[in-house]
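Colleague: To convert, note that position 315 of the sequence shown is 315 in UniProt numbering; the numbers rise steadily by one, no gaps.
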Amino acid sequence: MHEATDSPNTLGPPTGPVPRDGPGPVAGPITLPPLVDQHSHGTVDGELGVGSFETHLAAAAGSGAAPAGTTFFDSWTGLAVRRWCPPLLGMEPHCAPVSYLARRRELGAYRAARLLLRGAGIGTFLLESGARDDLSTAEELAATADGAVHEVVRLEPLAEQVADTSGTVDAFIGNTAEALYAAAQHATAFAMGIAFCDELPPDPREVRRAAARWLALTVRPARDRAPDPALAQHLLWSAVATGLPVQLHCADPQSLVGFLRATAGFGTDLVLLPDRPHHRRAAQLAAAFPHVYADAGPRPGETLGEAPFGKLLFSTGARGLPELYVTAARLFGQAMARLADEWVGEEICTRAEAQRIAGLVAAGTARRVYRLDAAGSG
């Protein structure tokens with residue numbers, strides 16, 4: 001990785017020691033390997049004005065446009081952008097948003113993205129394909145970030161593409177199976193948004209009826225939305241049968257307990273990526289089932305208390321702005337540094353053990369679950 005201001009792989013507090021209670025010396029910050037980002041969507045091309053930049057900030061916060069007289073720079077994400085991103089573009093931290101965006105335009109969108117992504121400390125990206133909305137492709141992201149990029153195939157847009165070229169139910173069922181097989185030959189994992197899945201695959205007759213209803217629609221759901229529930233479950237069970245890891249995007253993973261129990265012993269790893277505030281419950285489920293893993297979430301101190309350390313993985317979830325890769329990586333690094341200081345200070349573990357644990361969450365577990373070394377990611 002390229003050297004930059006605020007070195008991304010030496011993780012410690014930005015200024016001074018982290019206050020802590022309890023005895024024990026702190027022997028310097030922990031260092032991590034280049035991060036593996038197990039879930040992201042790519043970045044936008046082209047120049048961004050204040051309005052379009054704030055639109056992406058709002059989307060990252062799961063919100064609409066800022067009310068009149070307010071700004072999403074006055075948010076947790078906005079503050080993180082102002083702290084961590086300006087130094088990567090040659091500016092002082094906490095500079096005014098207008099100054100930061102002017103510098104961004106001065107450098108040009110591509111060069112700014114290069115500096116941000118290469119300074120984030122992420123060495124490997126798992127990029128979700130499908131409903132891209134003009135975001136960067138895997139090849140573009142790899143070139144800009146100077147990192148390894150692996151494709152995670154989203155099932156909903158895959159099914160939509162098959163439906164667009166299938167005139168009959170039989171053709172749709174057959175073409176879906178062929179598309180899944182073809183995708184499994186090059187993908188690193190599959191992904192799907194799912195609210196519930198039964199403990200058994202759906203009845204084939206119900207799948208055919210659901211396919212007929214779906215093909216008859218003149219306007220189908222957006223490509224990042226699940227199709228008919230029976231079709232969604234058919235897609236998910238079919239993906240599990242390929243043996244590739246499957247990412248489950250779910251608001252609350254508790255509703256998937258039956259499915260998690262039913263898939264034990266299949267040889268397919270499942271990774272839970274829940275909505276806030278359900279990361280702790282996802283970690284508990286990862287602890288309960290050998291084949292289940294979970295996203296570490298925005299507060300890894302909480303999830304690390306619920307699951308074995310080798311069951312949790314880092315992700316940015318970034319979409320659109322390269323700044324979101326930077327802020328997610330930096331906030332993760334700060335959280336792990338604080339946790340390491342706390343555990344070492346309270347003599348829960350040694351500094352070397354804390355660094356090893358942080359390395360597992362940062363990259364090691366993802367490399368194992370997604371078989372990245374076997375895929376030639378270095």
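The beta-carbon is built from N, C-alpha and C at its ideal position, and this holds for glycine as well.
(1) I'd like to know whether the C-beta atoms of His278 and Pro253 end up nearer to each other than 9 Å.
(2) Look at the alpha carbon of Glu151 and the alpha carbon of Ser52, and state the distance between them as a whole number of angstroms.
(3) Going by CA-CA distance only, name the one from Ile194, Gly258, Ala216 and Ala241 that's closest to Ala230.
(4) For Phe72, which three-state DSSP category applies?
(5) By how many angstroms is the C-alpha of Glu139 removed from the C-alpha of Ala145?
(6) State the DSSP-derived secondary structure class of Ile173, mapped to helix, strand or coil.
(7) Below 8 Å on the Cβ atoms is my guess for Ala210 versus Asp228; work out the distance and round it to an integer in Å.
(8) According to the Cβ coordinates, are Ser40 and Leu155 closer than 9 Å?
(9) DSSP on Leu321, reduced to helix/strand/coil?
(10) Excluding the five sequence neighbours on either side, which residues of its own chain have a C-beta within less than 6 Å of the C-beta of Ala362, listed in chain order?
(11) Taking only the alpha-carbon atoms, compute the straight-line gap between Leu260 and Val50 and give it to the nearest angstrom.
(12) Whole angstroms is fine: what's the gap from Ile173's alpha carbon to Phe73's?
(13) When the Cα atoms are used, what is the spatial distance from Leu11 to Ile30?
(14) So Ser99 packs on Phe196, CB below 8 Å; how close in whole Å?
(15) So is His94 buried or exposed if we call it buried at 16+ other beta carbons inside 10 Å?
(16) So, for Gly310: in the same chain, excluding its five sequence neighbours on each side, which residues have a beta-carbon less than 6 Å away from its beta-carbon?
(17) Taking the straight line between their C-alpha atoms, what separation do you get for Thr268 and Glu92?
(18) To the nearest angstrom, how far is the alpha carbon of Leu372 from that of Leu88?
(19) If you drop the 5 nearest sequence neighbours on each side, which residues of the same chain put their C-beta closer than 6 Å to that of His56?
(20) Quick check: the segment 329-342 against the segment 285-305, are there 3 or more CB pairs under 8 Å?
(21) Output the distance between the C-alpha atoms of Val81 and Ala120, rounded to the nearest integer angstrom.
(22) Would you check if the distance between the CB atom of Pro245 and the CB atom of Phe190 is smaller than 9 Å?
(23) Note the first and the last residue of the continuous beta strand (DSSP E) segment covering Asp295.
(24) So, with DSSP's three-state summary, where would you put Arg274?
(25) Is the distance from the Cβ of Leu117 to the Cβ of Val326 below 9 Å?
(26) CA-CA distance, Glu178 and His186?
(27) Take the Cβ of Ile348 as the centre, count every other Cβ of all protein chains shown within 10 Å, and call the residue buried at 16 or more, exposed below.
(28) Assign Tyr370 to one of two classes, buried (16 or more other C-beta atoms within 10 Å of its C-beta) or exposed (fewer than that).
(29) Taking a contact to mean a Cβ-Cβ separation below 9 Å, would you say Ala307 touches Thr316 in this structure?
(30) In terms of residue numbering, what span does the alpha helix (DSSP H) encompassing Leu127 cover?
(31) Quick check on DSSP: helix, strand or coil for His234?
(32) Considering only the beta carbon of each residue, do Gly42 and Leu141 sit closer than 9 Å?
(33) Under DSSP, the alpha helix (DSSP H) around Gly258 begins and ends at which residues?
(34) Under 7 Å Cβ to Cβ from Arg280, same chain only, skipping five residues before and after it: list those, please.
(35) Using three-state DSSP, classify Gln334 as helix, strand or coil.
Modeller: Reading from the atomic positions:
(1) yes
(2) 27 Å
(3) Ile194
(4) coil
(5) 10 Å
(6) helix
(7) 4 Å
(8) no
(9) coil
(10) Leu32, Leu35 and Phe314
(11) 44 Å
(12) 47 Å
(13) Because the pLDDT of Leu11 is 48, which lies under 50, any placement of that residue in the model is unreliable, and the question is left without a value.
(14) With 8 Å as the limit, Ser99 and Phe196 do not qualify as a contact, their Cβ atoms being about 48 Å apart.
(15) exposed
(16) Leu360 and Thr365
(17) 47 Å
(18) 28 Å
(19) Gly320 and Leu321
(20) yes
(21) 12 Å
(22) yes
(23) Val292 to Asp295
(24) This sequence places Pro at residue 274; Arg is not what is there. Reduced to three states, the DSSP call for Pro274 is strand.
(25) yes
(26) 13 Å
(27) exposed
(28) buried
(29) no
(30) No alpha helix (DSSP H) holds Leu127; the beta strand (DSSP E) holding it covers Ile122 to Ser129.
(31) helix
(32) yes
(33) Val257 to Ala262
(34) Glu302, Thr303 and Glu306
(35) helix
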